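Engineer: First residue of the sequence shown: 20, per this note's numbering; consecutive thereafter.
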Amino acid sequence: MRALNRKLFRDLWGLRAQAVAIALVIAGGVATWVISLSTIESLENSQRMFYQNYRFADVFASLERAPLVTVDRIREIPGVRAAEGRVRASATLTLQGFDEPVEALLTSIPEADDAMLNRLFLEAGRLPRAGDDSAVVVSESFAEAHRLNVGDGIDAIVRGQSSRLVISGIGLSPEFVYQIRPGSLFPDHKRYATIWMRQRPLAQAAGMEGAFNDIVLQLERNADAAAVVEALDGILERWGGTGAVLRDDQTSHSYLREEMEQLRAMARIVPLIFLGVAAFLLNIVIHRMVRMQRDQIAILKAFGYPNRTIATHFTGLVMLIVLLGIVPGLALGGWMGHGLANIYREFFRFPELFFRVGPPVIASAVLATAGAALAGTWRALWSAFRAAPAEAMRPEQPTGFRRSLVERVPLFRGLDQPTRMIVRSLERQPIKALLAVIGIALAVAILVTGRFQQDTIGFMLDVQFGFAAREDMTVTFIEPTGRDALHEIRALPGVIEAEPFRAVAVKLVHGHRSHRSAVQAYGRDATLHRALDRSLEPIEMPDSGLLLTDWLADQLAVEVGQSVTVEFLEGRRPRLEVPVDGVVREFVGASAYMGLDAVNRLLRESDSISGVYLTADPSERDRLLGELERRPRIATTSLLENAVAGFNRTMGENIRIFSLVNTLLAGVVAFGVIYNTARLALSERARELASLRVLGFRRGEVAWVLLGELALLTAAAIPLGLWLGYGFCSLIGRAMASEFYRIPTVIHADSYAFATVVVLAAMLVSMLAIGRRLYRLDLVEVLKTRE
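(1) Note down the Cα distance separating I638 from G513, rounded to an integer number of angstroms.
(2) CB-CB under 8 angstroms to S284, same chain, minus the five flanking residues each way: which ones, in chain order?
(3) Are T261 and L124 closer than 8 angstroms when you measure CB to CB?
(4) Could you check where the beta strand (DSSP E) with N9 kicks off and where it finishes?
(5) Tell me whether the beta-carbon of R718 lies closer than 8 angstroms to the beta-carbon of L793.
(6) Is it a yes or a no for the region 551–558 touching the region 518–532, going by three-plus beta-carbon pairs under 8 angstroms?
(7) Start and end of the alpha helix (DSSP H) containing T656?
(8) Out of L547, R649, L566, point me to the one whose CA is closest to Q539's CA.
(9) Going by alpha carbons, who is nearest to V585 out of R549, L714, S536?
(10) Let me check understanding here. Comparing Cα to Cα, which of R138, L114, T500 lies closest to I176?
(11) Taking its Cβ as the centre, do 16 or more other Cβ atoms sit within 10 Å of M20, making it buried, or is it exposed?
(12) I need the straight-line Cα distance from A609 to H548, nearest angstrom please.
(13) According to the Cβ coordinates, are L62 and F299 closer than 8 angstroms?
(14) Do E490 and Y632 have their C-beta atoms closer together than 8 angstroms?
(15) Tell me whether F28 is buried or exposed, calling it buried when 16 or more other Cβ atoms sit within 10 Å of its Cβ.
(16) Rounded to whole angstroms, how far is the Cβ of S153 from the Cβ of L184, which I believe are closer than 8 angstroms?
(17) Going by Cα to Cα distance, which pick from A654, G727, L683 is closest to Y211?
(18) My output table needs one value for M20: the three-state DSSP class, helix, strand or coil.
(19) Name the DSSP beta bridge partners of H529, please?
(20) Indicate whether I45 and G344 have their beta-carbon atoms separated by less than 8 angstroms.
(21) Give the list of continuous alpha helix (DSSP H) stretches no shorter than 4 residues that lie fully inside the region 577–663.
(22) For the alpha helix (DSSP H) containing G188, list its first residue and its last residue.
(23) What is the residue span of the beta strand (DSSP E) that A101 lies within?
(24) Put F367 into one of helix, strand or coil per three-state DSSP.
(25) Output the boundary residues of the beta strand (DSSP E) element that contains L139.
(26) Tell me the DSSP secondary structure of N168 in three-state form.
(27) CB-CB under 6 angstroms to G33, same chain, minus the five flanking residues each way: which ones, in chain order?
(28) Residue range of the alpha helix (DSSP H) that V494 falls in?
(29) Using 8 angstroms as the cut-off, can you tell me whether the region 485–499 makes contact with the region 612–631, which would need three or more C-beta pairs spanning the two stretches below that distance?
(30) Would you call the region 82–89 in contact with the region 185–204, where contact means no fewer than 3 C-beta pairs closer than 8 angstroms?
(31) In the structure shown, what three-state DSSP assignment does E83 receive?
(32) Are I41 and F471 touching if we call contact CB-CB under 8 angstroms?
(33) Is DSSP giving Q539 helix, strand or coil here?
(34) Under a Cβ-count criterion, where at least 16 other Cβ atoms within 10 Å of its own Cβ denotes burial, should D600 be classed as buried or exposed?
(35) Could you spell out where the alpha helix (DSSP H) holding S273 opens and where it closes?
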């Protein structure tokens with residue numbers, strides 16, 4: 020083995036404690052890198068295969084009713100490869116042993132299976148046979164939630180008519196990879212089902228014989244999608260079309276796309292925080308090692324070793340430390356990635372979702388980590404060979420003496436000698452002290468970031484279900500109806516309070532920007548479901564203007580006082596200029612708000628409502644639900660408590676698990692940073708501390724010189740770290756913002772307290788470890804002259 024190789028491993032062994040601490044930080048960065056990129060790759064591969072193999076459509080459109088012959092005209096649009104007219108209907112299901120209402124979306128299957136777009140992948144059973152009018156395929160998630168099997172029966176009510184359905188198959192569709200009830204925040208597989216049945220029996224049940232109310236298109240490879248949508252809207256306008264959307268705006272695909280964008284944002288930010296800390300620590304370690312070995316470097320150069328060889332030697336040391344972090348980081352990332360994939364299987368339903376850490380992900384993790392390490396240490400490596408041998412062999416020139424604060428400020432003159440040494444050391448080496456403070460502050464910031472997700476999700480739920488939504492249940496009608504329905508619901512047993520609402524699909528246009536959304540309209544005196552301003556105070560619905568969510572206002576680049584063009588996609592489909600009267604703070608969705616009377620006036624409708632928010636007497640709830648279920652014009656009845664319970668049962672638990680993992684990673688980083696700081700200080704000052712022992716200082720006094728300095732640095736770093744943590748969380752929140760969710764920067768006081776306690780605990784553990792080394796200090800060995 021070459022002499023420099025032996026020296027390299029001796030140096031690594033001498034730095035073993037610092038190397039392990041830095042490797043742990045690197046492992047955290049590599050793990051988050053692997054989790055994000057591997058999960059994205061797995062989702063993309065599963066998505067691509069499912070979409071291609073099962074003919075996921077490119078264009079989607081809903082309408083009121085059109086004759087089937089219209090489909091032939093649509094197929095003639097240039098760029099259309101295939102078109103399929105479908106029937107869709109809402110239903111209420113009754114399941115044995117489950118007392119709550121279950122909503123279902125029924126979608127027709129064409130008689131010719133090979134012509135079907137959005138084909139079904141069957142997990143069990145078969146497709147309904149022609150002539151078997153009661154056979155249906157149910158979604159896998161719904162079947163799992165209720166433990167349904169092929170052959171089981173379901174009672175369904177469609178347009179007030181009850182029928183018995185028999186499960187012939189359990190399947191998945193690329194159209195419902197993410198299955199969520201319209202208007203809901205989270206999936207609820209127990210209370211919402213997707214069901215497929217043959218077109219003829221469904222058309223009979225829905226009153227759509229010889230007609231369709233939904234259509235999907237597959238386009239040619241180089242088709243002009245915008246032109247196809249425009250032509251399709253032109254054909255469907257007379258049939259009550261609500262505006263076609265491309266695949267990018269289809270609900271399931273949009274959720275999946277946004278989730279992958281958030282993973283990409285996490286891959287851009289979180290690993291960089293870890294790797295940035297690691298690069299910072301490596302810079303300190305290598306720089307101080309080069310300073311301590313400057314005479315050895317000079318001797319090597321005098322013996323003829325070229326600069327390149329010496330630089331390669333120290334680069335090899337850096338790469339060995341990086342390797343110590345990469346290997347466990349890849350293993351940890353793979354393990355956590357499998358856990359995340361299992362969570363995603365609950366939300367995104369693919370025939371197969373295989374998680375694997377592929378060679379490109381491994382290569383990118385290695386290159387990113389090595390690049391960060393070299394970027395952090397290049398100045399130290401440069402200093403290893405830039406000095407001439409004769410210059411480097413001389414001892415470093417002592418720093419110039421000046422009176423310190425201890426001598427100048429009377430307050431410090433009463434301090435004992437060891438404490439005065441601490442003050443002098445910090446004052447005379449401010450850069451070194453500053454670097455230590457920054458390192459510890461970064462550890463605090465990572466701890467704060469680790470608990471951020473749990474804090475902010477809790478806040479979002481409190482706002483959404485405590486301040487904005489205060490109803491017990493939401494009743495939605497099949498189609499807009501008159502206010503007589505409101506009076507009828509108010510008279511039902513158990514109803515305490517009922518308030519109407521109107522929901523209308525719209526396209527908002529401002530300049531060259533546009534966005535498809537919905538206008539939610541409430542009465543001016545609404546108290547059950549409210550829009551909130553930026554201070555989370557209720558906003559009264561305007562008489563004629565529009566309220567926009569803050570995200571939507573940013574997307575349209577519109578300010579209060581300006582006007583937007585509102586294209587209503589229902590009824591007479593008017594196109595009107597409406598002023599923006601205010602901005603609403605909302606973390607979920609991207610809606611616009613108006614007064615109920617104003618919307619009906621613009622649509623030229625008299626007192627139409629889409630549904631009712633209501634509160635109910637808990638003792639009468641089951642009876643009330645039964646009354647609502649028997650009314651044919653009611654499409655859905657959803658309970659607010661189910662949405663909250665569903666979140667806590669699925670996402671809430673998963674967030675707590677990953678918050679725990681992130682916190683453990685952050686705690687490891689915190690200990691690594693603080694211990695590394697203390698260990699470096701000991702290696703640099705061992706000779707000084709041994710000299711103090713020879714001069715008669717007791718062990719406790721000598722330990723205080725080093726450990727007291729560490730305590731002061733930690734105390735100074737904690738406030739800075741809390742501030743940096745808030746900044747990191749804000750950066751993550753902005754990077755992950757989407758149409759569906761905006762993450763506010765909310766950090767609870769207990770999270771700040773937790774970060775502070777963990778750092779203080781890491782400091783105490785480091786003090787114990789360093790104090791033990793101080794007590795074992797070999798005075799003779801340390802004080803030997805190395806020249």
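Using N, Cα and C, we set each Cβ at its ideal position, and we do this for glycine too.
Here the structure is a predicted model, which means the values were calculated and not measured.
Structural biologist: In short:
(1) The residue you asked about is not Ile; residue 638 is Ser in the sequence shown. A straight line joining the alpha-carbon of S638 with that of G513 spans about 8 angstroms.
(2) Looking at the sequence itself, residue 284 is Ala, so the reference to Ser does not match. So the qualifying residues of the chain are I751, A754, M755.
(3) no
(4) Coverage of the chain is limited to positions 20 through 806, which leaves residue 9 absent and any answer about it impossible.
(5) yes
(6) no
(7) Unbroken run through T656 is the beta strand (DSSP E), 653–658; no alpha helix (DSSP H).
(8) Cα-wise, what sits closest to Q539 is L566.
(9) S536
(10) L114
(11) For M20, the predicted structure reports a pLDDT of 45, less than 50, and the residue's modelled location is therefore unreliable. The matter cannot be settled from this model.
(12) 16 angstroms
(13) no
(14) yes
(15) exposed
(16) 6 angstroms
(17) Comparing Cα-Cα distances from Y211 to each of A654, G727, L683, the minimum goes to A654.
(18) Note that M20 scores a pLDDT of 45, beneath 50, so its modelled location is shaky; the value from the coordinates is reported in the next line. If DSSP states are grouped into helix, strand and coil, M20 belongs with coil.
(19) R532
(20) yes
(21) 615–622, 640–648
(22) Counting along the chain, G188 falls outside any alpha helix (DSSP H), though it belongs to the beta strand (DSSP E) covering 180–191.
(23) If you look at A101, you'll find it in the beta strand (DSSP E) that goes 99–105.
(24) Collapsing the DSSP output to three states places F367 in a strand.
(25) That residue, L139, is in no beta strand (DSSP E); it is neither H nor E in DSSP.
(26) When secondary structure is reduced to three states using DSSP, N168 falls in the coil class, being assigned neither helix nor strand.
(27) none
(28) No alpha helix (DSSP H) holds V494; the beta strand (DSSP E) holding it covers 492–500.
(29) yes
(30) Taking one beta carbon from each stretch, the region 82–89 and the region 185–204 have fewer than 3 pairs nearer than 8 angstroms; the two do not touch.
(31) strand
(32) no
(33) strand
(34) buried
(35) 270–311
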